[in-house]
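Residue numbers (the working numbering), protein chains in the order written: chain A, 107 to 292; chain B, 107 to 292.
From the three backbone atoms N, C-alpha and C, an ideal C-beta is built for every residue, glycine too.
All of these numbers come straight from a predicted model, not from anything done at the bench.
Structure first, then comments.
Protein chains: 2
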Amino acid sequence: MSARDRGRPKTSSLAALEDAAHELFLEQGYEGTSVDDIARRAGISRATFFNYFSSKSDVLWVDVDHALAGLEHYLQHSGHLGDALRAVAVEHPRDRIPLIVTQSEAMGLGADLAASAGIRLERLRGILAGSRVEASDVWIVLGALVGVLHQWATHQAPRVELGDALDEGLGRIRTVVGSRSVATLF
Amino acid sequence: MSARDRGRPKTSSLAALEDAAHELFLEQGYEGTSVDDIARRAGISRATFFNYFSSKSDVLWVDVDHALAGLEHYLQHSGHLGDALRAVAVEHPRDRIPLIVTQSEAMGLGADLAASAGIRLERLRGILAGSRVEASDVWIVLGALVGVLHQWATHQAPRVELGDALDEGLGRIRTVVGSRSVATLF
DNA sequence: TGACTTTATGTACTCAGTCCAATAAATAAC
DNA sequence: GTTATTTATTGGACTGAGTACATAAAGTCA
């Protein structure tokens, strides 16, 4: 797009901050790690941290937020939910497993995890509600979808490609949730 | 039980703080209301507020938390999930509709609502996982259940008794989620 | 009256998140 | 080269949630 290389270049990156934070979370626990700690280890200032992330817990959700943004972007053009889901899933590297799933106890994640997860659930719920999902079906479809993703992250990745897991999962949902509208969604 | 009327009696109550907070949330918005404001209106000190609620957002979830506690308590004795759900639902007055559902925009609820909702979702998820729900079915059952409750709160209450809505909803889930274990759950 | 129990309160503290003004580092135009 | 413009970094002051704790207040019981 626009935004060529004008202005002062960035000193750090999402990935660098992610790495620094994850190290510290594993060493000291999530609660025991302050934003100052993360910034210090990444070699930036505290103020700059909030230039990359708008909250401490956002560091845990880089991949998921990226996927959600992709989903929203996709749906602005082609309207089909199933297509958008598949497109985003295919783009997702099979070895990128949200460490929220794999190492939540190791990081001492607790209420903060559930709370920040709530933000993402609400975002996905909004996406579903904005699609052709019937209002009364939104929650069960949301649950079904998250179930498929969670199953992939915990038991299938990185063996199985996310796109394949999703395909199979959506098929199962289609037959299981026999509701009127759901059949044409995916 | 125990705990007769010993010690200094409480000055306030959950309900009183709830009322004060709701007034302020409607007047000034959720974000625009500090814990100090709530305490002042209720005639207690800020420190005492945290004696009744462990966080500001907990004020929004009194009914839900009460129901969740009842559910957990019920399941410690009789193990049947459906029985426990029905028992808690029947106890719930039909005119007590969580105002999170009805007045969330009026209060300017945003990320805080989603985040605190996440805590309750995780709690309910834990309850389901602790029941006989198969691990791979937990999320879809959770979604189905929340969908039924949300539908009741938004479109049926207070016309319909929560217990009845739940019965009908669970029946629908049973036929719709034809999965192996789910049939015997409710 | 005095021991005991529970609640209320003030105070000091940590930390997340916001705001903003000042500075630094790059490019583009002249 | 010098200057204007753009974008990023930084320090510092600030708000407000939540914690910790020591102390006072208000009741019951012996």
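So residue i and residue j are in contact, right, with Cβ under 8 angstroms, and what is the actual spacing, rounded?
i: R238(B); j: L291(B); result: 7 angstroms
i: G214(B); j: Y136(B); result: 5 angstroms
i: L177(A); j: I233(A); result: 6 angstroms
i: L181(A); j: A190(A); result: 5 angstroms
i: S242(B); j: Q134(A); result: Between Q134(A) and S242(B) the Cβ distance is about 34 angstroms, and since that is not below 8 angstroms, they are no contact.
i: D169(A); j: P264(A); result: Actually they do not touch by this definition, with Cβ atoms about 13 angstroms apart.
Using a Cβ-Cβ distance cut-off of 8 angstroms, determine whether residue i contacts chain B.
i: I150(A); result: no
i: L227(A); result: yes
i: Q257(A); result: yes
i: S222(A); result: yes
i: W167(A); result: no
i: T290(A); result: no
i: G214(A); result: no
i: I246(A); result: yes
i: S242(A); result: yes
Let's test the definition: count the other Cβ atoms within 10 Å of the Cβ of residue i and tell me whether it reaches 16, buried, or not, exposed.
i: S151(A); result: exposed
i: G236(B); result: exposed
i: H261(B); result: exposed
i: E124(A); result: buried
i: A127(B); result: buried
i: S184(B); result: exposed
i: S119(A); result: exposed
i: H198(B); result: buried
i: T112(B); result: Inspection of the sequence shows that residue 112(B) is occupied by Arg rather than by Thr. Flag for R112(B) reads exposed.
i: A148(A); result: buried
i: G253(A); result: buried
i: S140(A); result: exposed
i: D218(B); result: buried
i: G249(A); result: buried
i: V247(B); result: buried
i: I206(A); result: buried
i: S222(B); result: buried
i: A212(A); result: exposed
i: G277(B); result: exposed
Can a CB atom of chain A be found closer than 8 angstroms to the CB of residue i?
i: V252(B); result: yes
i: T230(B); result: Checking the displayed sequence, the identity of residue 230(B) turns out to be Leu instead of Thr. No, its Cβ sits nowhere closer than 8 angstroms to a Cβ of chain A.
i: G249(B); result: yes
i: A217(B); result: yes
Could you check what DSSP says for residue i in three-state terms: helix, strand or coil?
i: K162(A); result: helix
i: R112(B); result: coil
i: F156(A); result: helix
i: S242(A); result: helix
i: A190(A); result: helix
i: Q209(A); result: coil
i: H198(B); result: coil
i: E137(A); result: coil
i: T117(A); result: coil
i: E274(B); result: helix
i: G249(A); result: helix
i: E124(A); result: helix
i: G185(A); result: coil
i: G176(B); result: helix
i: I279(A); result: helix
i: R265(A); result: coil
i: F131(B); result: helix
i: L293(A); result: As shown, chain A starts at 107 and ends at 292. That puts residue 293(A) outside it, with no answer to give.
i: I203(A); result: coil
i: I150(A); result: coil
Is residue i near the ligand ATP, going by C-beta to nearest heavy atom under 7 angstroms?
i: M213(B); result: The ligand ATP is not part of the structure shown, which contains no ligands of any sort.
Discussion item. For a minimum of 4 consecutive residues, which ranges assigned as the alpha helix (DSSP H) are wholly contained in the region 213 to 237 of chain B?
Written reply: Unbroken alpha helix (DSSP H) runs of no fewer than 4 residues, entirely contained in the region 213 to 237 of chain B, are found at 217 to 236, following chain order.
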